[in-house]
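First comes the structure, then the notes that go with it.
Numbering (my numbering), first residue to last: -5 to 314.
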């Protein structure tokens, strides 16, 4: 007699590559809201896509959680209320207990090692194409060598360029290249309707593999034992045009007579720069600091991240 089918919780699908941020962050409101005994009202949302995570890891990118949570919160306030400062605290996941019958356990593997089991479960390794934002890493080896970063990790610097995938205002499943009324969308954007989405895009980009920078600065990138965010703070220095991620004038120049344009990858999207480094590492704790710059040189935001970094002993007893 076959065992009963195992019940499972519904899960959201994984986001496809190069998905526009507005679609990656798409939310469904579950109900009008519930009240606690004290009278506090709660709003509940459900993400349409599962959190982004590299194929080698079982945890999501901190930037996804950080930006997505802020975007959900922005849905609960009136228009015109824009995020200024935000701090996120990263906690351990909750425990879920499950009791299985003997026959429900998997077959013993041919080689009982974590590497073997993990590769069997995941299949062929492949590069993770990021959604939401297009992020590029600058090669900084020559610069870091020129400033003596190998002897002083506080001089180590890393630049990332990023821009938005898609346009704000449409979280439907329609094709992003379909014609739209750009004049209306531009008016809504310039009126500040999507400012919280732009802020959340910067939050999203600010915490993608950020703590790995410190491992590189310490020349321990190949000896990471445990790495995790503890808290992440982003201070927005400006709102309005300087931090918005669409170059509408460029869209206008490319638009046809009917007022529509090909909205393919990168067209009319501004590039922003994250300049990051570290000022402190020790006792398995690290500090990541960054500045986000706009295309016109405006300082858009400052980031401060407290993290955990543990490395394997290098044979000389050297630890953080």
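C-beta atoms are modelled at their ideal positions from N, C-alpha and C, and glycine is treated no differently.
Residue state for residue 275 is assigned as strand, using DSSP reduced to three classes. Just so you know, the alpha carbons of residue 43 and residue 7 end up roughly 5 Å apart. The shortest CA-to-CA distance from residue 116 to any of 52, 132, 62 and 287 is the one to 52.
Going by beta carbons, residue 280 and residue 218 fall outside the 8 Å limit.
According to DSSP, residue pairing for residue 79 in a beta bridge involves 229.
Between the alpha carbons of residue 295 and residue 189 lies a gap of roughly 14 Å.
Here residue 48 is exposed, its C-beta having fewer than 16 other C-beta atoms within 10 Å. By the CB criterion at 8 Å, residue 207 and residue 303 fall outside the cutoff. Relative to the Cα of residue 39, the nearest Cα in the group 62, 298, 32 and 56 belongs to 62.
Ranked by Cα distance from residue 64, the first of 12, 79 and 23 is 79.
Ranking 13, 209 and 293 by CA distance to the CA of residue 144 puts 209 first. Counted as a single uninterrupted DSSP element, the stretch harbouring residue 261 is not any alpha helix (DSSP H), since DSSP gives it neither H nor E.
Contact between residue 271 and residue 151 is confirmed by a C-beta separation of about 5 Å, below the 8 Å threshold. Boundaries of the alpha helix (DSSP H) around residue 182: 176 to 184. CA-CA distance, residue 9 to residue 162, rounds to 17 Å.
Assigned with DSSP and collapsed to three states, residue 243 falls in helix. As a beta-bridge residue in DSSP terms, residue 128 pairs with 157.
For residue 302, the three-state secondary structure derived from DSSP is strand. Straight across, the Cα-Cα distance linking residue 23 with residue 68 is about 13 Å. Cβ atoms of residue 236 and residue 288 come within 8 Å of each other, at about 5 Å.
Considering only 292, 59, 54 and 241, the residue with the shortest C-alpha distance to residue 181 is 241. Within the same chain, 73 come within 7 Å of residue 187 by CB-CB distance, once the 5 residues on both sides are set aside. Of the residues 89, 140 and 11, the one whose Cα lies closest to the Cα of residue 128 is 11. If you draw a straight line from the Cα of residue 299 to the Cα of residue 196, it is about 14 Å long.
For a cut-off of 8 Å, the C-beta gap from residue 192 to residue 268 is around 15 Å, too long to register as a contact. Between residue 225 and residue 84, the C-beta spacing is below 8 Å.
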